[in-house]
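Below: one structure, written as structure tokens.
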Amino acid sequence: MTSPSSDAATERPWYGVPLPALRWLRVYNNENFRHDLIAGTTLAAFLVPASIGDASLAGLPPEAGLYACLFSGFVFWLVCSSKHTAIAVTSAISLLIGSTLGELAAGDVARFAALASATALLVAAIGLIAWFVRAGAIVRFISEGVMVGFKCGVALVLASTQLPKLFGVHGAHGNFRQNAASFARNLDETNVAALIVGLTTLTLLIAGKTYFKRIPVALFVVIGGIVATRCFNLEAVGVTLLGEVPQGIPAPGPPAIAWSEVNELLPLALACFLLGAVETAAIGRMFAAKHGLRLDANQEFLAISAANLAAGLGHGFPVSGGMSQSLVNEEAGARTPVSGLIAAAIVLLIILFVAQLLEDLPQPVLGAVVLAAVTGLFNLSALRHFWREDRREFVVAAAALVAVLASGLLRGVLIGCVISLVQLIHRASQPHVALLGRIPGTLRFSDRQRHPENEVVPGVAIFRPESALVYFNIDYVRDHIISETLLADEPVKLVVLDLSGAPFVDLQGAHGLGDLADELAAAGIRVQAVEARSTVRDRLRGESIDAKLGGLARRNSVHEAVDDFQRGGRDARRLPQRWSESQN
Numbered sequence: 015m016t017s018p019s020s021d022a023a024t025e026r027p028w029y030g031v032p033l034p035a036l037r038w039l040r041v042y043n044n045e046n047f048r049h050d051l052i053a054g055t056t057l058a059a060f061l062v063p064a065s066i067g068d069a070s071l072a073g074l075p076p077e078a079g080l081y082a083c084l085f086s087g088f089v090f091w092l093v094c095s096s097k098h099t100a101i102a103v104t105s106a107i108s109l110l111i112g113s114t115l116g117e118l119a120a121g122d123v124a125r126f127a128a129l130a131s132a133t134a135l136l137v138a139a140i141g142l143i144a145w146f147v148r149a150g151a152i153v154r155f156i157s158e159g160v161m162v163g164f165k166c167g168v169a170l171v172l173a174s175t176q177l178p179k180l181f182g183v184h185g186a187h188g189n190f191r192q193n194a195a196s197f198a199r200n201l202d203e204t205n206v207a208a209l210i211v212g213l214t215t216l217t218l219l220i221a222g223k224t225y226f227k228r229i230p231v232a233l234f235v236v237i238g239g240i241v242a243t244r245c246f247n248l249e250a251v252g253v254t255l256l257g258e259v260p261q262g263i264p265a266p267g268p269p270a271i272a273w274s275e276v277n278e279l280l281p282l283a284l285a286c287f288l289l290g291a292v293e294t295a296a297i298g299r300m301f302a303a304k305h306g307l308r309l310d311a312n313q314e315f316l317a318i319s320a321a322n323l324a325a326g327l328g329h330g331f332p333v334s335g336g337m338s339q340s341l342v343n344e345e346a347g348a349r350t351p352v353s354g355l356i357a358a359a360i361v362l363l364i365i366l367f368v369a370q371l372l373e374d375l376p377q378p379v380l381g382a383v384v385l386a387a388v389t390g391l392f393n394l395s396a397l398r399h400f401w402r403e404d405r406r407e408f409v410v411a412a413a414a415l416v417a418v419l420a421s422g423l424l425r426g427v428l429i430g431c432v433i434s435l436v437q438l439i440h441r442a443s444q445p446h447v448a449l450l451g452r453i454p455g456t457l458r459f460s461d462r463q464r465h466p467e468n469e470v471v472p473g474v475a476i477f478r479p480e481s482a483l484v485y486f487n488i489d490y491v492r493d494h495i496i497s498e499t500l501l502a503d504e505p506v507k508l509v510v511l512d513l514s515g516a517p518f519v520d521l522q523g524a525h526g527l528g529d530l531a532d533e534l535a536a537a538g539i540r541v542q543a544v545e546a547r548s549t550v551r552d553r554l555r556g557e558s559i560d561a562k563l564g565g566l567a568r569r570n571s572v573h574e575a576v577d578d579f580q581r582g583g584r585d586a587r588r589l590p591q592r593w594s595e596s597q598n
């Protein structure tokens, strides 16, 4: 945690500014730089092996991951609103790229790389449009259940692609079922040397994540793997190595693809953007809550757009905020996004001067690095929590998981989005309609379902719809109230409609309330609306429905309506005046 005194100036709101860095850089000081330098160095040590592993996961050469982190890191820090989010290639997006572009590239490595870079540019365009129309709220439409299920599915798919590297056997390049079946068939061909190297690396990585969280264990195991190759000649005993890694950086430029291929890449780019937007926003919200700051989701869209534009022009592939990378950055003491800039600069030095050393990296070490990251994706505790607390959310998570395993990552994420939207529409179309009763000894009323001890008023049914009343839910609300009224244990003479929980009523909702009053009137039951907000009163008056609902006044209440009914008209001369106080 940073001290309030040293970081107070940088905690001013950054949202709403296209380049937030231009604001907080004015108060940037040596103390911040010292913390950011340590964090940036630690982050770079984590980024190098992780980006190489994710590039392998995407089916791209290792330098593609380094280029993506390098170019995106040089621009993301200028645009993002979160102080701790680190931009990186991620396992989920990498696997999505690899599983989708394989068929389009048809084995052509250069074409594969060009399509991946073009996808990053499309993600940048989608992010820019999302920022321009201020679509930050869309990330909230993908529920936590969908994301948990999707990540669990990704973890299993990841494991199926990396276990062959760990065991030194031939691996398939298909869906989860094909990969798992291929691994099982070839298990008897396990290379003992590769397995020893892989399991040793995996053990060290898991121990590091458990006991040495602030130490870049992944960097040390990568260095150790390169040293082991040279000392023990691992290639001679059948251990596959990473292979050639070009030294230097390419000249930035657009990928060489035809315009006709853009349409084929759009679904993939949209899926990558959704994954990246949700992940980046979730990371930003987590750190904002921890440090008492605010996050501008729209600004993160612009940051994702700028980062992917740089990654695409720099011959990389789509990037987003990385959870593991961001946690490393924050735990290392980052004060501002400058730590990401420092990490990118260190990656540049590695590419320029020591890239050739990576050629001797054993593939089992690379597989172990990716498998270690899988442990953070498969969130079994979240699935257990859903099972205990919200079975519907568990079903959504399970459906997203199965969709990823059965249909692949691209279809899986799209199916997950559809599930999330269907769930939202279902809940919105059937809002809770509370049946109220009097709280004993008071003049207040509350939900009888939650408080069975509440008193029933003889001859009166009191309902409170707890949602806006609009075209897609008014029929449900009307039918529910009519059913509850006509099937009540005792005859009902008055229905009190408490509209305090309805912030908005559209045209169809207004006429639905009119139809409700007509149907109940035909059964000899009067309807009295109370507690309506000013905008709702205006709508009902504008559609000439207020008279059907007993008149509308801003000062009427549930208690007054019940009290007048129980008096049985003794103050009938006062009633019209009370209900007609509507001009204000």
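Numbering (our numbering), first residue to last: 15 to 598. The beta carbon of each residue, even a glycine, is placed where N, CA and C say it ideally should be.
{"query": "If I follow the unbroken beta strand (DSSP E) through Ile-476, where does it start and stop?", "result": "474–479"}
{"query": "Is Arg-553 buried or exposed, if buried means 16 or more other CB atoms sit within 10 Å of its CB?", "result": "buried"}
{"query": "Judging by CA-CA distance, which residue of Val-410, Gln-580, Phe-181 and His-184 is the nearest neighbour of Met-161?", "result": "Val-410"}
{"query": "What are the boundary residues of the beta strand (DSSP E) that Phe-459 is part of?", "result": "459–461"}
{"query": "Go ahead and label Ala-291 buried or exposed: buried means 16 or more other beta carbons lie within 10 angstroms of its beta carbon, across all protein chains shown.", "result": "buried"}
{"query": "Of the residues Glu-45, Ala-82, Arg-40 and Val-251, which one's Cα is nearest the Cα of Ala-358?", "result": "Ala-82"}
{"query": "Given Ile-165, which residues of its chain have a CB within under 6 Å of its CB, disregarding the five upstream and five downstream residues?", "result": "Checking the displayed sequence, the identity of residue 165 turns out to be Lys instead of Ile. The residues are Leu-391."}
{"query": "With respect to the beta strand (DSSP E) encompassing Ala-448, which residues constitute its N-terminal and C-terminal limits?", "result": "447–452"}
{"query": "Using the C-alpha atoms, what's the distance from Val-484 back to Leu-521?", "result": "8 Å"}
{"query": "Grab the span of the alpha helix (DSSP H) containing Ala-139 for me, first residue to last.", "result": "123–146"}
{"query": "Which class does Glu-595 belong to by DSSP, given the choice of helix, strand or coil?", "result": "Residue confidence is low: Glu-595 scores 40 on pLDDT, short of 50, so the model does not pin down where it sits. No coordinate-derived value is stated."}
{"query": "DSSP three-state call for Leu-366: helix, strand or coil?", "result": "helix"}
{"query": "Expressed to the nearest angstrom, what Euclidean distance is found between the alpha-carbon atoms of Asn-570 and Thr-499?", "result": "22 Å"}
{"query": "Counting contacts by CB-CB distance shorter than 7 Å, is Phe-60 in contact with chain E?", "result": "As a matter of chain content, chain E is missing from the structure shown, which is built from one protein chain."}
{"query": "Pick out the complete alpha helix (DSSP H) segments inside the region 168–244, 4 residues or longer, and give them in chain order.", "result": "190–199 and 206–225"}
{"query": "Quick one: Cα of Asp-21 to Cα of Leu-309, how far?", "result": "Confidence at Asp-21 is low in this model, with a pLDDT of 43, below 50, so the placement of that residue should be treated as unreliable; the coordinate-derived value is given next. Straight-line Cα distance between these residues: approximately 17 Å."}
{"query": "Should Glu-293 go down as buried or exposed, given a rule of 16 or more other Cβ atoms within 10 Å for buried?", "result": "buried"}
{"query": "Please determine, among Asn-487, Asp-461, Ala-414 and Gly-422, the residue with the shortest C-alpha to C-alpha distance to Pro-445.", "result": "Asn-487"}
{"query": "Do Ala-100 and Ile-360 have their beta-carbon atoms positioned less than 7 Å apart in this structure?", "result": "no"}
{"query": "So Ala-543 is in the beta strand (DSSP E); what residue range does that whole segment cover?", "result": "540–544"}
{"query": "If we require 4 or more residues per run, which alpha helix (DSSP H) segments fall completely within the region 340–410?", "result": "352–367, 377–391 and 394–403"}
{"query": "In terms of alpha-carbon separation, which member of Arg-568, Leu-419 and His-494 lies closest to Leu-110?", "result": "Leu-419"}
{"query": "Residues in its own chain within less than 6 Å of His-604 by CB, not counting five upstream and five downstream?", "result": "Outside the modelled stretch of the chain, which goes from 15 to 598, sits residue 604, for which no answer is possible."}
{"query": "What I want to know is whether the C-beta of Phe-90 ends up closer than 6 Å to one or more non-hydrogen atoms of the ligand COA.", "result": "Among the ligands in the structure shown, none appear at all, so the ligand COA cannot be discussed."}
{"query": "Pull up the distance between the alpha-carbon of Lys-223 and that of Val-183, whole angstroms please.", "result": "27 Å"}
{"query": "Hey, Lys-5 and Val-541 are a contact pair by Cβ (cut 8 Å); roughly how many whole angstroms apart?", "result": "Residue 5 lies beyond the residue range present for the chain, which begins at 15 and ends at 598; the question has no answer from this structure."}
{"query": "Taking 8 Å as the threshold, find out whether the region 421–437 comes into contact with the region 464–480 through three or more Cβ pairs.", "result": "no"}
{"query": "Reducing DSSP to helix, strand and coil, say where Leu-419 ends up.", "result": "helix"}
{"query": "If you follow the beta strand (DSSP E) that Asp-512 is part of, which residue opens it and which one closes it?", "result": "508–512"}
{"query": "Cα separation between Pro-269 and Ala-546?", "result": "59 Å"}
{"query": "In terms of DSSP beta bridges, what is Ala-64 paired with?", "result": "Note: Ala-64 sits in no beta bridge, so no partner."}
{"query": "State the Cα-Cα distance for the pair Thr-214 and Val-41, rounded to the nearest angstrom.", "result": "46 Å"}
{"query": "Determine, using beta carbons only, whether Ala-128 and Ile-271 come nearer to each other than 7 Å.", "result": "yes"}
{"query": "Who are the Cβ neighbours of Leu-61 in its own chain at under 7 Å, not counting the five residues just before and after it?", "result": "Cys-83, Ala-102, Gln-339, Ala-357 and Val-361"}
{"query": "Find out if the Cβ-Cβ distance for the pair Trp-91, Leu-355 is shorter than 7 Å.", "result": "yes"}
{"query": "Phe-477 and Val-572 - do their beta-carbons sit closer together than 7 Å?", "result": "no"}
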